[in-house]
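Chemist:
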Amino acid sequence: MTEPLALYVHWPFCVSKCPYCDFNSHVRESVDQAVWRAALLADLRHEAALLPGRQVSSIFFGGGTPSLMPPATVAAVIGEAAALWGLTDDCEITLEANPNSVEVAAFADLAAAGVNRVSIGVQSFDPQVLEFLGRAH
Ligand code: SF4
Numbered sequence: 026m027t028e029p030l031a032l033y034v035h036w037p038f039c040v041s042k043c044p045y046c047d048f049n050s051h052v053r054e055s056v057d058q059a060v061w062r063a064a065l066l067a068d069l070r071h072e073a074a075l076l077p078g079r080q081v082s083s084i085f086f087g088g089g090t091p092s093l094m095p096p097a098t099v100a101a102v103i104g105e106a107a108a109l110w111g112l113t114d115d116c117e118i119t120l121e122a123n124p125n126s127v128e129v130a131a132f133a134d135l136a137a138a139g140v141n142r143v144s145i146g147v148q149s150f151d152p153q154v155l156e157f158l159g160r161a162h
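Position 30, counted from 1, in the sequence shown is what our numbering calls 55; the numbers after and before it change by one each time, with no gaps.
Okay, structure coming up:
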């Protein structure tokens, strides 16, 4: 039996840049969603050609703030991975999110897209600490 794959998908955009952040994350007034979606799918096809005959047992959408991704793009990435490799029955599909209301509003659509686990970036529930950290939520 061939070892299953774990996919990591990076979304490098955030609503604001936290002062302590070393991640590959950027603030942009607009993102060309069609270009990014096409590039993510093209990258998956490239990787599938290098790693054929494997199933995917987990997909992790990280960032940046991947909960800002259009749910249709998340669904397209999951669908492309399923078409290229196939997903295991218990495939874990995680998406990182910040506890901002705009992102929470998209949770139902992200679940419908196939996400079955969220990793929520709660650094603190204390408003003074959040202000010190420069967190937007
Ligand atoms: S939300 Fe996360 S990735 Fe974005 S700037 Fe803050 S720490 Fe960095």
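C-beta: ideal position from N, C-alpha, C; glycine also.
Just so you know, these numbers come straight off a predicted model, no measurement behind them.
Would you mind reading off the limits of the beta strand (DSSP E) that contains D114?
Modeler: Taken as a continuous stretch (DSSP letters only), the beta strand (DSSP E) holding D114 covers L112 to A122.
Chemist: Going by DSSP, which residues form a beta bridge with V52?
Modeler: Answer by DSSP bridge pairing: none, since V52 is not bridged.
Chemist: By the three-class DSSP mapping on this structure, what secondary structure does L135 have?
Modeler: Of the three classes helix, strand and coil, the one that applies to L135 here is helix, per DSSP.
Chemist: Taking 8 Å as the cut-off, is the beta-carbon of F48 closer than that to any non-hydrogen atom of the ligand SF4?
Modeler: The answer is yes for F48.
Chemist: Please look up how many angstroms separate the CB atoms of P96 and A138, rounded, as I've assumed it's under 8 Å.
Modeler: At roughly 5 Å, the Cβ-Cβ gap stays under 8 Å, so P96 and A138 are in contact.
Chemist: Please state the DSSP three-state secondary structure of R142.
Modeler: Strand.
Chemist: So what does DSSP say about S92, is it helix, strand or coil?
Modeler: Note: S92 maps to helix in three-state DSSP.
Chemist: Quick one: residues in its chain with C-beta nearer than 8 Å to the C-beta of A106, no 5 flanking neighbours on either side, listed in chain order?
Modeler: Answer for A106: L32, L69, V81, I84 and L112, listed in chain order.
Chemist: In whole angstroms, what separates the C-alpha of G87 from that of T98?
Modeler: Near 14 Å, if we compare the C-alpha coordinates of T98 and G87.
Chemist: Measuring straight from C-alpha to C-alpha, what distance separates R142 and D115?
Modeler: Using only the alpha carbons, I get a separation of about 12 Å.
Chemist: Using the three-state DSSP reduction, which class does H162 fall into: helix, strand or coil?
Modeler: Correct three-state label for H162: coil.
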